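Right, one structure below, let's go through it.
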Amino acid sequence: MKSTSAPENATLKLIGVNKNFGGVTAADNICLELFPGEVVGLIGPNGAGKTTLLNLITGIYMPDKGTVILNDKNISRYPTYKRARAGIARTFQHPRLLDRCDVRTNVYMGSDLANKCKKTTGNVGEQLDYLMELAGLGQTRLDDTIDKLSYGQQKILEIIRAILCEPCVLLLDEPAAGLNNKEIGYVGALIQYAVEKNIGVLLIEHAMDFVMSICDRITVLNFGHQITTGTPKEVQENDEVIKAYLGGGKHAGR
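Under this note's numbering, the first residue of the sequence shown is numbered 9, with each subsequent residue one higher.
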């Protein structure tokens, strides 16, 4: 949940963002704000345009119309690497790690980016040790190869790597998917750590209990359209959301 000391200026703004692929509308006039230390959920049925929106924020896709603003700068035409340097970090539905490298090399990619951008604060080794313990990976050998880790551990490690980038915005694409309850708890702990560091977190997720418990606000998409944005309670009680996604208040299907 949002840090009470978070500033009032939005870190990330999407203003009237549109994206079409041929005749398919993937994003239709999307407006969104993410504040420092805030957790915003992005939910909707499969194919609603959620991952497309993250790709528009990170620069994998450029918007056809609309504006993406980061810390009051228009980054709508920035390439991906420039947005990363500006402070956007992300994870993916399936972890994207260097399979042939050890754990140490993978996680220090995050701190290397922070060093290059002169954003590193404190002792990176101490921060890594703390995050590994927080995420249930305290017994992991840093010189082990990635394939020694389970799928869930790899997803968690990718979040740690993203946090080590010292971002102002952290984008998480289905961080709880494929994880057991204990691992989901570790993901929640890492998100709370990011909140305490005043990082704005935007996450896509289908696990409704997790979303409703950890998010300050939720945006609901359906077929590229923004149905609503509100608190978890407001979203749960929205008739259009219930009809399109929540299925009468039950857990959402994948």
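Yeah, the Cβ is synthetic: ideal placement off N, Cα and C, and Gly gets one too. On a predicted model such as this, the values are computed, not experimentally measured, just so you know.
Secondary structure at T12, three-state DSSP: helix, strand or coil?
-> In this prediction, T12 has a pLDDT of 46, which is less than 50 and means its spatial position is unreliable; what the coordinates show is noted afterwards. In the structure shown, T12 sits in coil (DSSP, three-state: anything other than H, G, I, E or B).
Secondary structure at E46, three-state DSSP: helix, strand or coil?
-> coil
With 16 as the cutoff for other CB atoms within 10 Å, does K81 come out buried or exposed?
-> exposed
Can you say whether Y116 is buried or exposed, counting buried as having 16 or more other CB atoms within 10 angstroms of its CB?
-> Residue environment: Y116 is assigned as buried (16 or more neighbouring CB atoms within 10 Å of its CB, all protein chains considered).
Which word fits Y89, buried or exposed, when buried means at least 16 other C-beta atoms lie within 10 angstroms of its C-beta?
-> Here Y89 is exposed: its Cβ has fewer than 16 other Cβ atoms, across all protein chains shown, within 10 Å.
Separation of N79 from A18, as counted between CA atoms = 7 Å
Any contact of the stretch 21-32 with the stretch 192-202, i.e. 3+ C-beta pairs under 8 Å?
-> no
Mind checking which residues open and close the alpha helix (DSSP H) that includes L62?
-> K58 to T66
Cβ pair L211, L187 closer than 8 Å | no
Cβ separation of G238 and I222, assumed to be a contact under 8 Å, to the nearest whole Å = So it is not a contact: roughly 16 Å between Cβ atoms.
Buried versus exposed, by CB contacts within 10 Å (16 or more), S119 = buried
I23: first and last residue of the uninterrupted beta strand (DSSP E) it sits in = L20 to F29
Report back the beta-carbon spacing between D247 and V47 to the nearest angstrom; my notes put them in contact at under 8 Å.
-> Wrong, their Cβ atoms sit about 25 Å apart, outside the cutoff.
Which residue comes first and which comes last in the alpha helix (DSSP H) that contains A92?
-> For A92, the enclosing alpha helix (DSSP H) covers residues T88 to A94.
Compare the beta carbon distance of V195 and I167 with 8 Å and say whether it is the shorter of the two.
-> yes
Indicate the three-state DSSP secondary structure (helix, strand or coil) for E41 in the structure shown.
-> strand
Evaluate the contact criterion for the stretch 102-113 versus the stretch 67-74: three or more CB pairs, one atom per stretch, below 8 Å.
-> no
Take R98 and list the residues in its own chain whose beta-carbon comes closer than 6 Å to its own, dropping the five residues that flank it on each side.
-> T66 and L179
Close-in-space but distant-in-sequence residues of the same chain around A35 (CB under 7 Å, 5 per side omitted) | V25, N26, K27, G57, T60, L61, L64 and G232
Which same chain residues, not among the five before or five after V219, have their C-beta less than 7 Å away from its C-beta?
-> G49, I51, E213 and I226
Where does G272 sit, in a helix, a strand or coil, going by DSSP?
-> Summary: the structure shown does not reach residue 272, with the chain confined to residues 9 through 262, and so no result is reported for it.
Tell me whether P87 is buried or exposed, calling it buried when 16 or more other Cβ atoms sit within 10 Å of its Cβ.
-> Classification for P87: exposed.
Between A197 and L136, is the Cβ-Cβ spacing less than 8 Å?
-> no
Taking T33 as the reference, which of K156, V249 and Q234 has the closest Cα?
-> Distance check between T33 and each of K156, V249 and Q234 places Q234 closest, using alpha-carbon atoms only.
Is DSSP giving K73 helix, strand or coil here?
-> strand
For the beta strand (DSSP E) that G146 lies in, which residues bound it at each end?
-> No beta strand (DSSP E) contains G146, which DSSP labels as neither H nor E.
Quick one: residues in its chain with C-beta nearer than 8 Å to the C-beta of A252, no 5 flanking neighbours on either side, listed in chain order?
-> G52, P53, V228, N230 and I235
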